[in-house]
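Heads up: the sequence shown runs through residues 6 to 474, numbered per this note's numbering. The beta-carbon is built from N, C-alpha and C at its ideal position, and this holds for glycine as well. Given the structure is predicted, the values throughout are model-derived calculations rather than measurements. First the structure, in the form of structure tokens, and then the observations on it.
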Amino acid sequence: MANNRQKIFFIYPPSPIMNREDRCQQPTGDFLIIPPLPPVDMMSLSAIAKKYGYETKFKDYSLKNENLYDFLRDIRVFKPDFLVVNVASTFLEQDLSILTQARDLLEDTVVIVKGAIFNFNSYSIMQTYPEIDIALRGEIEPAFEEIIQYHDFKNIKGITYQINNKITSTPDRELSKNLDYLPFLDRDLIDNNIYIRPDTKKPQTIIRVSKGCPNHCFFCLATPLNGKRVRYRSVDLIIDEIKECIEKYNIKDFIFWSDIFNQDNLWVQRLCRMIIENNLKINFSANTRVDTLNEQTLALLKKAGCNLLSMGIESGSQELLDKMGKKITVEQIKNAVALVKKFKIQIYAYYVLGLPWETKETINETYKLAKELNTEFASFYTATALQGTKFYDYALKNRLGEINFEKPYYFPSVKSYALSADEIYEYNKKFNKEYYLRPKYILKMACSINSITKFKSYYDTFVKLVRKY
Ligand code: SF4
Numbered sequence: 006m007a008n009n010r011q012k013i014f015f016i017y018p019p020s021p022i023m024n025r026e027d028r029c030q031q032p033t034g035d036f037l038i039i040p041p042l043p044p045v046d047m048m049s050l051s052a053i054a055k056k057y058g059y060e061t062k063f064k065d066y067s068l069k070n071e072n073l074y075d076f077l078r079d080i081r082v083f084k085p086d087f088l089v090v091n092v093a094s095t096f097l098e099q100d101l102s103i104l105t106q107a108r109d110l111l112e113d114t115v116v117i118v119k120g121a122i123f124n125f126n127s128y129s130i131m132q133t134y135p136e137i138d139i140a141l142r143g144e145i146e147p148a149f150e151e152i153i154q155y156h157d158f159k160n161i162k163g164i165t166y167q168i169n170n171k172i173t174s175t176p177d178r179e180l181s182k183n184l185d186y187l188p189f190l191d192r193d194l195i196d197n198n199i200y201i202r203p204d205t206k207k208p209q210t211i212i213r214v215s216k217g218c219p220n221h222c223f224f225c226l227a228t229p230l231n232g233k234r235v236r237y238r239s240v241d242l243i244i245d246e247i248k249e250c251i252e253k254y255n256i257k258d259f260i261f262w263s264d265i266f267n268q269d270n271l272w273v274q275r276l277c278r279m280i281i282e283n284n285l286k287i288n289f290s291a292n293t294r295v296d297t298l299n300e301q302t303l304a305l306l307k308k309a310g311c312n313l314l315s316m317g318i319e320s321g322s323q324e325l326l327d328k329m330g331k332k333i334t335v336e337q338i339k340n341a342v343a344l345v346k347k348f349k350i351q352i353y354a355y356y357v358l359g360l361p362w363e364t365k366e367t368i369n370e371t372y373k374l375a376k377e378l379n380t381e382f383a384s385f386y387t388a389t390a391l392q393g394t395k396f397y398d399y400a401l402k403n404r405l406g407e408i409n410f411e412k413p414y415y416f417p418s419v420k421s422y423a424l425s426a427d428e429i430y431e432y433n434k435k436f437n438k439e440y441y442l443r444p445k446y447i448l449k450m451a452c453s454i455n456s457i458t459k460f461k462s463y464y465d466t467f468v469k470l471v472r473k474y
């Protein structure tokens, strides 16, 4: 291979609009209140590439409403030395079909793919798509850095590569002890004004804080991908990256990116204190478990600028919570929501519908709890048996239907023992609409409106919901 490789093209392929970060693969078109998020992994790899003098470029074809022909044109014009495709598990075939179409144009390009699915199934996917040269597995940054420096695949851990149809997987790479190896995201790669907070319409960006989760819930990819130990970035580095966002990009709204943000309350408190001491006037959101929240942490979060906490509530049925290994109780959920409300921090609640043990009764218990909690935002997802999860293995073993993703994303990938996939899908549509059209909810949100932008944002969402369902 030649040594004069200079250009790297990162893409989100022309499939439905998705957030494609491995654990958070979710469509942004279907749920009106989920905004597209900055392409974190692409920005991370671009930062590394620029360190070595590469010219980089990114395009999200679905967000730009561009198609295969636009992609072919871009390849002809840009002539990348490396093409990096971010692949979603649920749109695998659609995402990769463009490579087959572009085969002749990509002859001199090293095609790299990344995505959760390659951690579990890179070999057979690469057999189907001989256009793929390398699949990244595990932590992608160190392997990518070695690829663009040395072009010598066989000694690079954590990749599967293909030369002349011979596929070779190198040994897994150990998970790093902390996340300080991660570069600041390359925010010059994207138009930051596209990625906005829905309520204020101001640009928001992602700051990576930790990876890993000790819980390993039935449907979740966090633990298989990022390990059971929560690994952090240094608070100092996080603060420096926030400062760079404010000073260089005038971004003051952040999503703190982690599998489980508040596993260690002392660490969260230290981060909040540093934000306060540095007088950083920011807003941020983060995710949280309901069983690790306490008043002291919440008080500091509020003071540091936390405007929203997202919570995986999942179900109103204790039996289901236990079976999915969530290790929380309905009582803890209610207490945590009440506590967060006390500090006037908004809540985004996530629910999962259609796990194998779901019945009419349990699904209604979930919706009843959601109405009772009446959080500012709520999404009811259908359970998706992604490869690598316990759910995937269970669904195969217990013959819960053929796992496929040909239908719309929110169509369940399998049935439950008691409900068909169609029935779960109907509940999904009903809850996602009815939740937001309840008078109690509308009144609550109307009372919280304190700006024209917020009014417009809520009104637009309301109208879209009525039209969509
Ligand atoms: S606690 Fe959250 S991040 Fe951890 S495994 Fe469960 S769903 Fe995933």
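Subject >> Ile-211 in three-state terms, based on DSSP >> reply: Numbered from its first residue, the sequence shown carries residue 211 at position 206. In the three-state scheme derived from DSSP, where H, G and I count as helix and E and B as strand, Ile-211 is classed as strand.
Original post:
For Thr-394, is the beta carbon positioned less than 7 Å from some heavy atom of ligand 3?
Top reply: Looking for ligand 3 in the displayed structure turns up nothing; the ligands present are ligand 1.
**OP:** Measure the beta-carbon distance from Ile-429 to Ser-421 and round it to whole angstroms, keeping in mind my assumption that it falls under 8 Å.
**Re:** One-based indexing of the sequence shown puts residue 429 at position 424. One-based indexing of the sequence shown puts residue 421 at position 416. The pair is a contact, with the Cβ atoms about 7 Å apart (cut-off 8 Å).
Subject >> Start-end ranges of the beta strand (DSSP E) lying completely within the stretch 379-423, minimum 3 residues >> reply: Segments of the beta strand (DSSP E) lying fully in the stretch 379-423: 382-387.
Original post:
Cα-Cα, which of Phe-382, Gly-143, Pro-219 is closest to Ala-442?
Top reply: What you label residue 442 is simply residue 437 of the sequence shown in a count that begins at 1. One point to set straight first is that residue 442 is Leu, not Ala, in the sequence displayed. Nearest Cα to Leu-442 within the set Phe-382, Gly-143, Pro-219: Phe-382.
Original post:
So the alpha helix (DSSP H) Val-342 belongs to, where does it begin and stop?
Top reply: Reading the sequence shown from its first residue, position 337 is the one you call residue 342. Membership of Val-342 in the alpha helix (DSSP H) is indicated by the continuous run 335-347.
**OP:** Measure from the alpha carbon of Phe-189 to the alpha carbon of each residue in Gln-323, Thr-210, Pro-176, then state which is nearest.
**Re:** Reading the sequence shown from its first residue, position 184 is the one you call residue 189. The residue from Gln-323, Thr-210, Pro-176 with its alpha-carbon nearest to that of Phe-189 is Thr-210.
**OP:** Report the three-state DSSP secondary structure of Asn-255 (helix, strand or coil).
**Re:** Taking the first residue of the sequence shown as 1, we reach residue 255 at position 250. Asn-255 falls in the coil class under three-state DSSP.
Original post:
Cβ atoms of Lys-55 and Thr-61: under 8 Å apart, would you say?
Top reply: Translated into positions along the sequence shown, residue 61 becomes position 56. Translated into positions along the sequence shown, residue 55 becomes position 50. A contact, by the Cβ cut-off of 8 Å.
Original post:
Does the count of Cβ pairs from the stretch 16-23 and the stretch 72-86 closer than 8 Å reach three?
Top reply: Because the criterion of three Cβ pairs below 8 Å is met, the stretch 16-23 and the stretch 72-86 touch.
Original post:
In whole angstroms, what separates the C-alpha of Ile-251 from that of Trp-262?
Top reply: Position 246 of the sequence shown, counted from the start, is the residue given in the question as residue 251. Position 257 of the sequence shown, counted from the start, is the residue given in the question as residue 262. Approximately 18 Å between the Cα atoms of the pair.
Subject >> Reduced DSSP secondary structure (H/G/I, E/B, other) of Glu-144 >> reply: Within the sequence shown, the letter at position 139 stands for residue 144. Coil.
**OP:** Output the boundary residues of the beta strand (DSSP E) element that contains Arg-25.
**Re:** Along the sequence shown, read from residue 1 onward, the residue named residue 25 stands at position 20. In the DSSP annotation of this structure, the continuous segment of the beta strand (DSSP E) that includes Arg-25 starts and ends at 23-26.
**OP:** Mark Pro-43 as exposed unless 16 or more other C-beta atoms lie within 10 angstroms of its C-beta, in which case mark it buried.
**Re:** As a working note, residue 43 is residue 38 in the sequence shown. Burial call: buried.
Original post:
Where does Gly-330 land, buried or exposed, given buried means 16+ other C-beta within 10 angstroms?
Top reply: Within the sequence shown, residue 330 is the residue found at index 325, counting from 1. Per the 10 Å Cβ criterion, exposed.
Original post:
Among the residues of its own chain, which have a CB less than 8 Å from the CB of Arg-236, if the five just before and after it don't count?
Top reply: On the sequence shown, residue 236 is found 231 positions in, with the first residue counted as 1. Closer than 8 Å at the Cβ level, and outside the excluded window around Arg-236, lie Leu-180, Ser-181, Lys-182, Asn-183, Leu-184, Ser-215, Lys-216, Gly-217.
**OP:** Note the first and the last residue of the continuous alpha helix (DSSP H) segment covering Tyr-74.
**Re:** Within the sequence shown, numbered from 1, the residue matching residue 74 stands at position 69. First-last of the alpha helix (DSSP H) with Tyr-74: 73-83.
Original post:
Less than 7 Å between the CB of Ile-265 and some heavy atom of ligand 1, yes or no?
Top reply: Indexing the sequence shown from 1 puts residue 265 at position 260. Under cutoff, so the answer is yes.
Subject >> Any beta strand (DSSP E) of 3 or more consecutive residues that is wholly inside the stretch 200-246 >> reply: Here the runs fully enclosed are 209-213.
Original post:
Taking the Cβ atom as the reference point for each residue, do Thr-175 and Ile-164 lie within a distance shorter than 8 Å?
Top reply: Numbered from 1 along the sequence shown, position 170 holds the residue referred to as residue 175. Numbered from 1 along the sequence shown, position 159 holds the residue referred to as residue 164. Contact flag set, yes.
Subject >> Cα-Cα separation, Pro-40 to Leu-391 >> reply: In the sequence shown, residue 40 corresponds to position 35, counting from 1. In the sequence shown, residue 391 corresponds to position 386, counting from 1. The straight-line gap from Cα to Cα measures roughly 22 Å.
**OP:** Using 10 angstroms around the beta-carbon of Glu-319, count the other beta-carbons present and answer buried if the total reaches 16, otherwise exposed.
**Re:** For the purposes of this step, residue 319 is taken as the residue at position 314 of the sequence shown. Counting of Cβ neighbours within 10 angstroms places Glu-319 among the buried residues, the total reaching 16 or more.
Original post:
Thinking C-alpha only, which one of Ile-243, Trp-272, Arg-275, Asp-398 is nearest Ile-260?
Top reply: Residue numbering aside, residue 260 sits at position 255 when the sequence shown is read from its first letter. Selected option, being the one with the closest Cα: Ile-243.
Original post:
Is the distance from the Cβ of Ile-256 to the Cβ of Asn-292 below 8 Å?
Top reply: On the sequence shown, residue 256 is found 251 positions in, with the first residue counted as 1. On the sequence shown, residue 292 is found 287 positions in, with the first residue counted as 1. No; because the gap between Cβ atoms is not below 8 Å, this pair is not in contact.
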